[in-house]
Amino acid sequence: MRNHKGITRRQFLGSLAVASAGLSLGDTALAEEEPKRYAKLHDSTKCIGCKRCMSACKRWNKLKVDRFEELTDRETDLTGHTWVVVNLTRDIKNGEDLSYLHWACQHCQKPACAGACPVKAIRKMPEGPVVIDEKKCIGCRYCYQSCPYKVPRFDFGKRITRKCTMCYDRIPIVKPACVAGCPVGALDFGLRKDVLLQAKKRVETVGGYLLGEYEAGGTDFLTILKTKPEDIGLVVAPKKVVSEDLDKIRITSSGFLGAGVLVGLMYIYSRTGEGE
Ligand code: SF4
Ligand code: SF4
Ligand code: SF4
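Residue numbers for the sequence shown follow the numbering used here, beginning at 1301 and rising by one.
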């Protein structure tokens, strides 16, 4: 597979290992220094809905392609093998078409999904990405339940939960695959402080709403919307930081099975079920 710069994933990963200790598990020299927080930006006022970002994500992450999902007029939802979707948003009051929205994990600064995971398979890297360790995940879907945006989805083939990784296996040396694949510059990536400044200036110029500066306690995926999120039917995450401890208490006390028993059952289920 070749990326946008004509190098294969294998070549890229090789050079990544040499050029840098990598960001991959956050235990690198970079992570030990003053953490540098990165962010991805989607400007829906520039997006033309071509879905090349979706294709680029599938290629880089070797995800299964569904037959019709990349047709530009097809509305699609996130799945275990579709980590970003692009759909046309409409004003819920009058049905007027507004803009295309590139939608994926918001990479929350205090991720509720990580707090809810009973086996600690999810963690926030100092550089920004929230990543699920697929070797630890037992497919219990507590992360899905706790996520304000319902992002992590179950992969019926792998029996685990999967989502956008912010391309932690290539940033910051190369931009995320979706960002690199956008032909009109509707996606961008950089240090969060720079991306935030750029996004605010854009909103001052063209109007609209900046999603992610405060929602869910602030996120490392920012989106410039043409209007307020509630006007297009988007879930509005609370601006206060979600309490990871509260999530754990809620989850371990819910249901009639103890969390330990439940985790054991989910593990057995995740390993024995038939895939798609
Ligand atoms: S959007 Fe959901 S899955 Fe993504 S980091 Fe936030 S809580 Fe986790
Ligand atoms: S950042 Fe990477 S994993 Fe996330 S949607 Fe873009 S290409 Fe896919
Ligand atoms: S590649 Fe760019 S313009 Fe095309 S759908 Fe994705 S964000 Fe929009």
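Think of the CB as a built atom: it goes at the ideal place given N, C-alpha and C, for glycine as much as any other residue.
- request: With a cut-off of 7 Å, give the chain-ordered residues whose Cβ is closer than this to any heavy atom of ligand 2.
  value: 1340, 1353, 1356, 1357, 1360, 1361, 1383, 1384, 1404, 1405, 1464, 1465, 1466, 1467, 1476, 1477, 1478 and 1479
field: Nearest neighbour of residue 1537, chosen from 1486, 1405, 1420 and 1453 [CA to CA]
entry: Working through the sequence shown from its first residue, we reach residue 1537 at position 237. Closest by alpha carbon: 1405.
query: Got a sec? Which residues, its chain only, sit under 7 Å from residue 1514 by beta carbon, not counting five neighbours each side?
result: By 1-based counting over the sequence shown, the position of residue 1514 is 214. Once the five neighbours on either side are set aside, the close Cβ partners of residue 1514 are 1539.
- prompt: Which residues does DSSP pair with residue 1387 in a beta bridge?
  reply: In the sequence shown, the residue the question calls residue 1387 occupies position 87. Bridge partners of residue 1387: 1401.
- request: Would you please verify whether the beta carbon of residue 1396 is less than 8 Å from any beta carbon of chain C?
  value: Reference to chain C is not applicable here, since this structure consists of a single protein chain.
Cα-Cα separation, residue 1360 to residue 1374: Translated into the one-based positions of the sequence shown, residue 1360 becomes position 60. Translated into the one-based positions of the sequence shown, residue 1374 becomes position 74. Cα to Cα, residue 1360 sits roughly 22 Å from residue 1374.
field: For residue 1418 and residue 1386, the rounded distance between their alpha carbons
entry: As a working note, residue 1386 is residue 86 in the sequence shown. As a working note, residue 1418 is residue 118 in the sequence shown. When rounded, the distance between both Cα atoms is 31 Å.
Best match in 1518, 1489 and 1400 for proximity to residue 1412 [C-alpha to C-alpha]: The residue labelled residue 1412 in the question sits at position 112 within the sequence shown. For residue 1412, the nearest C-alpha among the options comes from 1518.
query: How is the alpha helix (DSSP H) around residue 1479 delimited, first residue to last?
result: Here the question's residue 1479 lines up with position 179 in the sequence shown. Here the alpha helix (DSSP H) through residue 1479 covers 1477-1481.
query: When you compare only the Cα positions, how much space is there between residue 1450 and residue 1504?
result: One-based indexing of the sequence shown puts residue 1450 at position 150. One-based indexing of the sequence shown puts residue 1504 at position 204. So the alpha carbons of these two residues sit roughly 30 Å apart.
field: Among 1421, 1425 and 1447, the one whose alpha carbon lies nearest that of residue 1436
entry: Position 136 of the sequence shown, counted from the first residue, corresponds to residue 1436. Residue 1436 has its Cα closest to that of 1421, out of 1421, 1425 and 1447.
task: Classify residue 1505 as helix, strand or coil using the three-state DSSP reduction.
output: Here residue 1505 is taken as the residue at index 205 of the sequence shown, counted from 1. Residue 1505: helix per DSSP, three-state reduction.
query: Are residue 1340 and residue 1466 touching if we call contact CB-CB under 8 Å?
result: For this step, residue 1340 is matched to residue 40 along the sequence shown. For this step, residue 1466 is matched to residue 166 along the sequence shown. Against a cut-off of 8 Å, the Cβ pair of residue 1466 and residue 1340 comes out as a contact.
task: Please confirm whether any heavy atom of ligand 3 lies closer than 7 Å to the CB of residue 1484.
output: The count along the sequence shown starts at 1 and reaches residue 1484 at position 184. Yes, Cβ of residue 1484 sits closer than 7 Å to a heavy atom of ligand 3.
task: Return yes when at least one heavy atom of ligand 3 lies under 7 Å from the C-beta of residue 1487, else no.
output: Sequence index remark: in the sequence shown, residue 1487 carries index 187 (1-based). Checking the Cβ of residue 1487 against ligand 3 gives yes.
As assigned by DSSP and simplified to three states, the class of residue 1350: Within the sequence shown, numbered from 1, the residue matching residue 1350 stands at position 50. Of the three classes helix, strand and coil, the one that applies to residue 1350 here is coil, per DSSP.
First and last residue of the uninterrupted beta strand (DSSP E) at residue 1514: The residue you call residue 1514 lines up with position 214 of the sequence shown. Counting along the chain, residue 1514 falls outside any beta strand (DSSP E), and DSSP gives it neither H nor E.
- prompt: At which residue ranges does the segment 1411-1483 contain complete alpha helix (DSSP H) runs of 4 or more residues, listed in the order of the chain?
  reply: 1412-1416, 1442-1446 and 1477-1481
message: Please return the same chain residues whose Cβ sits closer than 7 Å to the Cβ of residue 1528, not counting the five positions on each side in sequence.
response: Taking the sequence shown and counting its residues from 1, the one referred to as residue 1528 is at position 228. Same-chain partners within the cutoff: 1509.
message: Alpha carbons only, please: which of 1481, 1391 and 1480 is nearest the one belonging to residue 1534?
response: Here residue 1534 refers to the residue found at position 234 of the sequence shown. Checking every option, the nearest Cα to that of residue 1534 belongs to 1391.
query: Can residue 1526 and residue 1345 be called in contact, C-beta distance under 8 Å?
result: Taking the first residue of the sequence shown as 1, we reach residue 1526 at position 226. Taking the first residue of the sequence shown as 1, we reach residue 1345 at position 45. Yes, the Cβ-Cβ distance between residue 1526 and residue 1345 is below 8 Å.
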